[in-house]
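In my numbering, the protein residues as written are 5 to 335.
Glycine is no exception: its CB is placed at the ideal position from the N, C-alpha and C atoms.
Bear in mind that the values here come from a model prediction, so they are computed numbers and not experimental data.
Written out below as C-alpha cells is the structure these notes cover.
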Ligand SMILES: NC(=O)c1ccc[n+]([C@@H]2O[C@H](COP(=O)([O-])OP(=O)(O)OC[C@H]3O[C@@H](n4cnc5c(N)ncnc54)[C@H](O)[C@@H]3O)[C@@H](O)[C@H]2O)c1
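Here you go:
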C-alpha cells in the first residue's frame, strides 16, 4: 500500500487518479485539508472506492505515526506542503513549521516503522537565481525565499536520513505546473489562486479584473519573462515512474520535471485568450525583484533514466484547465 500525503490538493489528487487508473489502487491519503478539499477526496473515492482517507496534520507526530500502525505502508509519495512564495516571505514561521517540521515527523514515522522509500515534491524554487539555462540537477541551489528554503532543507534532511537510516528518496523538482484531468473530474483549486493560468481563465467569470504583467523589457523574444510549463498529468506519470524506479533500484536520486520549451507571459496570455475566446485586460507594470527573465528545466535526466516524456502541449493543458474552471464556477 502507498501513502500519499497532500492528495486533497492539486498535484497529489492527479497523481492518486493516475495511480488508480493504472490499476494500482491500494492507496491511503493523509491530508489536513488546509489548502486541499474534501470534495476532491470524495471524487477520488468514487472513482476508486479502495482509496482510504485519513484527515490529519503532519505537524502532529502522533497523527501521522498512527497511519503507519494502522496500514501496511510500503512507500510514501509526499506532496503535502504550503507553497505560496509571498505568504512564506510574510510568515516564514508557518512555512518552516508546516513544511520542515511536518516532513521530519513523516520521515521519523517512516524510519520507526521501517518504511524506507519516499518520492518527494521539490521545486525549481530551490535553485534561486539561474546561473545558466536550461537548469540541470547539478545547478547550485540557492533559494531566494523561505518556501524554497524549506524544500531545500527537506532535501538535505533526506540525504542525511539516507546515510544514517538507509531511507531512499527521489526528489522531483517541478517547474510551473498547469492543466487538469482530461475528463474534468478534478483540477487546480487554490484559494487564493496565485498561479498565472487559472487566474487568466477565472477572468472569464469576472472580467473586471486587470492583470499586471511585470516588465516587458526583458531580453526575451517579446520582452516578457519565460517559464517552463509542465502538465499536471505528465507530472503524475513521472511520479509513477519514479516510484517504479525506487522499487527497482532502491536508490536516492533527483530529477527536474519540465518541458524545456519555455513560453513567455505574453504567449500564455495569447493561448489563453484563444481558448476562452475573449480578450483579457492587462497592463504592463514594473518588474518584480528576483524575477529571473528565464527559467527552463533541463529534464533530460528524467527522460533518460525514468523514461519520462511529457506528452501534453501547453494548448491542451490550458484547454483542460479551462474546462475545469467552468465546473468550479458552477459550484
Ligand atoms: N503547483 C505548482 O506549480 C508546484 C510547483 C513546484 C512544487 N510544488 C509542490 O508540489 C506539492 C503540491 O502542490 P499543489 O499545488 O498540489 O499544492 P496544494 O496546496 O493544492 O496541495 C497541498 C496539499 O497538502 C495538504 N497539506 C499541507 N500541509 C499539510 C500538513 N501539515 N499536514 C497534512 N496535509 C497538509 C493541503 O491540505 C493540500 O491538500 C507541494 O509540495 C508544492 O510545494 C508545486
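Along the beta strand (DSSP E) that carries residue i, what are the first and last residues, could you check?
{"i": "residue 177", "result": "172-178"}
{"i": "residue 56", "result": "56-59"}
{"i": "residue 23", "result": "From DSSP, residue 23 is part of no beta strand (DSSP E) but of the alpha helix (DSSP H) over 14-25."}
{"i": "residue 216", "result": "215-218"}
Based on Cα-Cα distance, which residue from the options lies nearest to residue i?
{"i": "residue 196", "options": "86, 317 and 313", "result": "86"}
{"i": "residue 225", "options": "298, 126 and 186", "result": "298"}
{"i": "residue 29", "options": "20, 35 and 15", "result": "20"}
{"i": "residue 199", "options": "186, 215, 189 and 190", "result": "215"}
{"i": "residue 81", "options": "122, 97, 102 and 65", "result": "122"}
{"i": "residue 4", "options": "217, 149, 268 and 317", "result": "Only positions 5 to 335 of the chain appear in the structure, and residue 4 is not among them; the question remains open."}
{"i": "residue 266", "options": "249, 230 and 83", "result": "230"}
{"i": "residue 89", "options": "127, 168 and 32", "result": "127"}
{"i": "residue 62", "options": "201, 56, 54 and 71", "result": "71"}
{"i": "residue 223", "options": "243, 173 and 295", "result": "295"}
{"i": "residue 289", "options": "217, 135, 206 and 75", "result": "217"}
{"i": "residue 355", "options": "110, 308 and 202", "result": "Any property of residue 355 remains undetermined from this structure, which presents the chain solely from 5 to 335."}
{"i": "residue 256", "options": "286, 120, 240 and 83", "result": "120"}
{"i": "residue 187", "options": "18, 92, 99 and 334", "result": "18"}
{"i": "residue 79", "options": "313, 308, 243 and 325", "result": "243"}
{"i": "residue 55", "options": "36, 84 and 7", "result": "7"}
{"i": "residue 99", "options": "264, 12 and 156", "result": "156"}
{"i": "residue 278", "options": "204, 315 and 165", "result": "204"}
{"i": "residue 232", "options": "201, 213, 23 and 173", "result": "201"}
{"i": "residue 287", "options": "293, 329, 253 and 213", "result": "213"}
{"i": "residue 143", "options": "150, 133 and 309", "result": "133"}
Provide the residue span of the alpha helix (DSSP H) that contains residue i, from first to last.
{"i": "residue 263", "result": "Unbroken run through residue 263: none, as it is neither H nor E."}
{"i": "residue 208", "result": "Neither: residue 208 is in no alpha helix (DSSP H) and is coded neither H nor E."}
{"i": "residue 332", "result": "318-334"}
{"i": "residue 71", "result": "65-74"}
{"i": "residue 243", "result": "236-253"}
{"i": "residue 6", "result": "Not the alpha helix (DSSP H): residue 6 falls in the beta strand (DSSP E), residues 6-9."}
{"i": "residue 163", "result": "150-169"}
{"i": "residue 127", "result": "Residue 127 -> not in any alpha helix (DSSP H); beta strand (DSSP E) instead, spanning 121-127."}
{"i": "residue 79", "result": "Run containing residue 79: none in the alpha helix (DSSP H); it sits in the beta strand (DSSP E), 79-82."}
{"i": "residue 43", "result": "42-51"}
{"i": "residue 315", "result": "Note, residue 315: premise wrong, no alpha helix (DSSP H); not H, not E."}
Residue i: beta carbon under 7 angstroms from a heavy atom of ligand 1?
{"i": "residue 127", "result": "yes"}
{"i": "residue 61", "result": "yes"}
{"i": "residue 15", "result": "yes"}
{"i": "residue 220", "result": "no"}
{"i": "residue 10", "result": "yes"}
{"i": "residue 317", "result": "no"}
{"i": "residue 26", "result": "no"}
{"i": "residue 37", "result": "yes"}
{"i": "residue 246", "result": "no"}
{"i": "residue 242", "result": "no"}
{"i": "residue 83", "result": "yes"}
{"i": "residue 178", "result": "yes"}
{"i": "residue 97", "result": "no"}
{"i": "residue 194", "result": "yes"}
{"i": "residue 70", "result": "no"}
{"i": "residue 86", "result": "yes"}
{"i": "residue 181", "result": "yes"}
{"i": "residue 106", "result": "yes"}
{"i": "residue 102", "result": "yes"}
{"i": "residue 34", "result": "yes"}
{"i": "residue 132", "result": "no"}
{"i": "residue 40", "result": "yes"}
If we ignore side chains and look at the alpha-carbon of each, how far apart do residue i and residue j end up?
{"i": "residue 171", "j": "residue 193", "result": "32 angstroms"}
{"i": "residue 27", "j": "residue 51", "result": "12 angstroms"}
{"i": "residue 282", "j": "residue 25", "result": "35 angstroms"}
{"i": "residue 271", "j": "residue 291", "result": "18 angstroms"}
{"i": "residue 101", "j": "residue 69", "result": "17 angstroms"}
{"i": "residue 406", "j": "residue 191", "result": "Limits of the chain in this structure are 5 at one end and 335 at the other, which puts residue 406 out of reach."}
{"i": "residue 248", "j": "residue 219", "result": "42 angstroms"}
{"i": "residue 348", "j": "residue 65", "result": "No answer is possible for residue 348: it lies beyond the span of the chain, which begins at 5 and ends at 335."}
{"i": "residue 337", "j": "residue 280", "result": "As shown, the chain starts at 5 and ends at 335. That puts residue 337 outside it, with no answer to give."}
{"i": "residue 227", "j": "residue 221", "result": "4 angstroms"}
{"i": "residue 181", "j": "residue 58", "result": "26 angstroms"}
{"i": "residue 75", "j": "residue 10", "result": "17 angstroms"}
{"i": "residue 332", "j": "residue 208", "result": "12 angstroms"}
{"i": "residue 46", "j": "residue 268", "result": "36 angstroms"}
{"i": "residue 125", "j": "residue 284", "result": "32 angstroms"}
{"i": "residue 97", "j": "residue 177", "result": "23 angstroms"}
{"i": "residue 189", "j": "residue 141", "result": "34 angstroms"}
{"i": "residue 327", "j": "residue 334", "result": "11 angstroms"}
Less than 7 angstroms separating the Cβ of residue i from some heavy atom of ligand 2?
{"i": "residue 105", "result": "For the structure depicted, ligand 2 is absent and the ligand set comprises only ligand 1."}
Worksheet item: Do the stretch 36-55 and the stretch 247-264 meet, that is, are 3 or more Cβ pairs less than 8 angstroms apart?
Response: no
Worksheet item: Is the stretch 314-333 close to the stretch 234-247, with three or more CB pairs under 8 angstroms?
Response: yes
Worksheet item: Counting pairs of Cβ atoms below 8 angstroms between the stretch 154-173 and the stretch 296-315, do you hit three or more?
Response: no
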